[in-house]
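To start, the structure itself, in structure tokens.
Chains as they are written, first to last, in this note's numbering: chain Y, 1 to 336; chain E, 337 to 445; chain H, 446 to 577.
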């Protein structure tokens, strides 16, 4: 019994065989036929109709009551047929949507692409992984005059497609900035206006913006309500939280952002991240922020890129390989 | 985890008592309930967050949109009794500077 | 060409429309399954009138073209109309009934489907099923 035939003759013959012998092999045949029905999109009402027709051929003198009862059964199957068709159509839709989203994710990757710059004496590591297909986190490097480096790390409220759409807007606003001329605090002030004017009331973005100038080894930075990063001081071998004040982007039309400075000495590290890193959960418990530092310490002897890769792998495994939130981690280390 | 929202009428203000977690899944329900309350002109709404053990950025987004709607309708929004972890979130994002956050002891309870 | 119609005011009228539809389907020579499907489409459209437009009319014509005969069903009401037809024609969109129900279901049951609707003026759905 290779391919089950689903025409009236095959159904009738199989039915007859079963009625005569009540054998398991006929029932196995019925199972094969059932699979073939599904494969060929035969609806339940059509199967009932096939059954009625077979019965009538086998028992031309079938009682009227039984015939009526079969008609009744047929009627009750009509909506199952419709539901099945709708289910099929929705399934196809879902596949189409999924491939559309994956295309959109590719577009986003291209749009938001930023190259990790090569700067003499600065070791940079960066990783950004979306929880779903599209990333609501964003990082951006801008190389300016005399090897100065602008770094933005941002997180849009929520995740997925709405967050990703919003991020593209930020990227374009940053692209048209005359970045070299602007200080982090001023950039945030400008972006706040863009976000406030252009997004829904419940949308907001957090951003940390820093500018590093190798000529004086100074990091100037400002934050718009972003998850605080860490500063590692090589001399004292200690980590401290980068403390800032500043409202998230998009809430008030005229927010101002205080700017801060930090001298970066040899071996010092700047660790920037999004809350996808610090809000990892182990089961139902949140990890402590210090745990992130503990993991970084384990891999600190490695190049910056290896550190961020290892930290990501650690937390990915901790969460059973299912990120709950987009995860972005940037590490800068002054080498010489 | 789920979120329950109970609204209590107390003299000159409404108190929305939240219990549970405010995240992507519960945020839409919270947004709908709170927006409905502040859209009535000149409402004083206090959101009691004693029972909120977790809030994510979507939850903050809800609070921001409620704050904006409250301003539009000359209503007032106050958050009270935030747990430390939730308070930290408001502090980091700078929202504690633009939203009235207080510790209040509810009357008659 | 024959024409017959049922006006829909109360829920019982839905049953009357189904019955007339089924009789005509039999008369045209539809198979038992197609009779049931036609009756289901009648039911769905009549129910829409009953639920959303208070009253309207279901009419039937037996139609013939060169090589086949069929049955046309026209459902007319002067109800609130449908603002976004594309939306209600989408699978998964339904205000009542659930999986399989609604206008997408009617479209699947029939061979030809057309709908004209204007807000605050009314809706006319015209469907045809051909004899197989």
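Note that CB positions come from ideal geometry on N, CA and C, so glycine has one too.
Given the structure is predicted, the values throughout are model-derived calculations rather than measurements.
So, for residue 1 of chain Y: in the same chain, excluding its five sequence neighbours on each side, which residues have a beta-carbon less than 8 Å away from its beta-carbon? Any reading at residue 1 of chain Y is ruled out, since the residue's pLDDT is 41, under 50, leaving its predicted position unreliable.
Could you check whether the Cβ of residue 202 of chain Y sits closer than 7 Å to any Cβ belonging to chain E? yes
Check for me: the beta strand (DSSP E) holding residue 506 of chain H runs from which residue to which? 501-509
Could you pull out every unbroken alpha helix (DSSP H) segment of at least 4 residues lying fully inside the stretch 165-250 of chain Y, listed in chain order? 184-198
What did DSSP end up calling residue 445 of chain E once you bin it into helix, strand or coil? Residue placement at residue 445 of chain E is poorly supported in this model, since its pLDDT is 42, which falls under 50; the coordinates still yield a value, given next. Three-state DSSP puts residue 445 of chain E in coil, outside helix and strand.
I'd like to confirm the pairing. Which residues does DSSP put opposite residue 382 of chain E in its beta bridges? E/351, E/414
Taking Cβ positions only, does residue 89 of chain Y come closer than 7 Å to chain H? yes
Who pairs with residue 391 of chain E in a beta bridge, going by DSSP? E/358
Using the beta-carbon count (16 or more within 10 Å), is residue 211 of chain Y buried or exposed? buried
Report yes or no: do three or more beta-carbon pairs, one from the stretch 517-527 of chain H and one from the stretch 561-576 of chain H, lie closer than 8 Å? yes
Taking only beta-carbon atoms, is residue 63 of chain Y less than 7 Å away from chain H? no
Once the 5 residues before and after residue 289 of chain Y are set aside, which same chain residues still bring their CB inside 7 Å of it? 278
Using a Cβ-Cβ cut-off of 7 Å, state whether residue 122 of chain Y counts as contacting chain H. no
Beta carbon of residue 185 of chain Y nearer than 7 Å to that of residue 222 of chain Y: yes
Compute the Euclidean distance between the alpha carbons of residue 353 of chain E and residue 341 of chain E, then round it to the nearest angstrom. 6 Å
For the structure I just gave you, are there three or more beta carbon pairs, one from the stretch 367-386 of chain E and one from the stretch 405-418 of chain E, closer than 8 Å? yes
Give me whichever residues DSSP pairs with residue 129 of chain Y in a beta bridge. Y/327
From this set, H/479, H/533, H/473, which residue's C-alpha is nearest residue 513 of chain H's C-alpha? H/473
Within its chain, find whatever has a CB closer than 7 Å to the CB of residue 576 of chain H; leave out the 5 residues flanking it on each side and keep chain order. 473, 474, 475, 513, 514, 515
Closer than 7 Å by beta-carbon distance: list the chain Y residues that pair up with residue 389 of chain E, in chain order. Ordered by position in chain Y, no residue passes the 7 Å Cβ test against residue 389 of chain E, which lies about 10 Å from the chain.
Could you say if the stretch 130-137 of chain Y and the stretch 310-328 of chain Y meet the contact criterion of at least three C-beta pairs nearer than 8 Å? yes
Would you please verify whether the beta carbon of residue 115 of chain Y is less than 7 Å from any beta carbon of chain H? no
Counterpart residues of residue 343 of chain E in DSSP-defined beta bridges: E/352
Cα separation between residue 202 of chain Y and residue 401 of chain E? 5 Å
Give, in chain order, every residue of the stretch 75-101 of chain Y whose Cβ lies closer than 9 Å to some Cβ of chain H. 75, 77, 78, 79, 80, 81, 82, 83, 84, 85, 86, 87, 89, 90, 93
Got a sec: which bits of the stretch 246-258 of chain Y sit with their beta carbon under 7 Å from any beta carbon on chain E, in order along the chain? 246, 247, 248, 251, 252
In this structure, how does DSSP classify residue 555 of chain H when only helix, strand and coil are distinguished? coil
Which of helix, strand or coil does DSSP assign to residue 438 of chain E? strand
Under the DSSP definition of a beta bridge, which residues are partnered with residue 269 of chain Y? Y/232, Y/333
Measure the alpha-carbon distance for residue 37 of chain Y versus residue 517 of chain H and round it to whole angstroms. 30 Å
Between the stretch 218-240 of chain Y and chain H, which residues of the former have a C-beta closer than 7 Å to a C-beta of the latter? none
Find the residues of chain Y that neighbour residue 463 of chain H, judging by a C-beta separation of less than 7 Å, and give them in chain order. Result: empty, since nearest Cβ-Cβ is about 10 Å, beyond 7 Å.
Report the residues of the stretch 551-568 of chain H with a CB closer than 8 Å to any CB of chain Y, ordered along the chain. 553, 554
Smallest Cα separation from residue 360 of chain E: which of E/390, E/437, E/414, E/418? E/390
I'd like to know whether the C-beta atoms of residue 534 of chain H and residue 548 of chain H end up nearer to each other than 7 Å. yes
Tell me the DSSP secondary structure of residue 2 of chain Y in three-state form. In this predicted model, residue 2 of chain Y has a pLDDT of only 46, less than 50, meaning its place in the structure is not dependable enough to derive any value.
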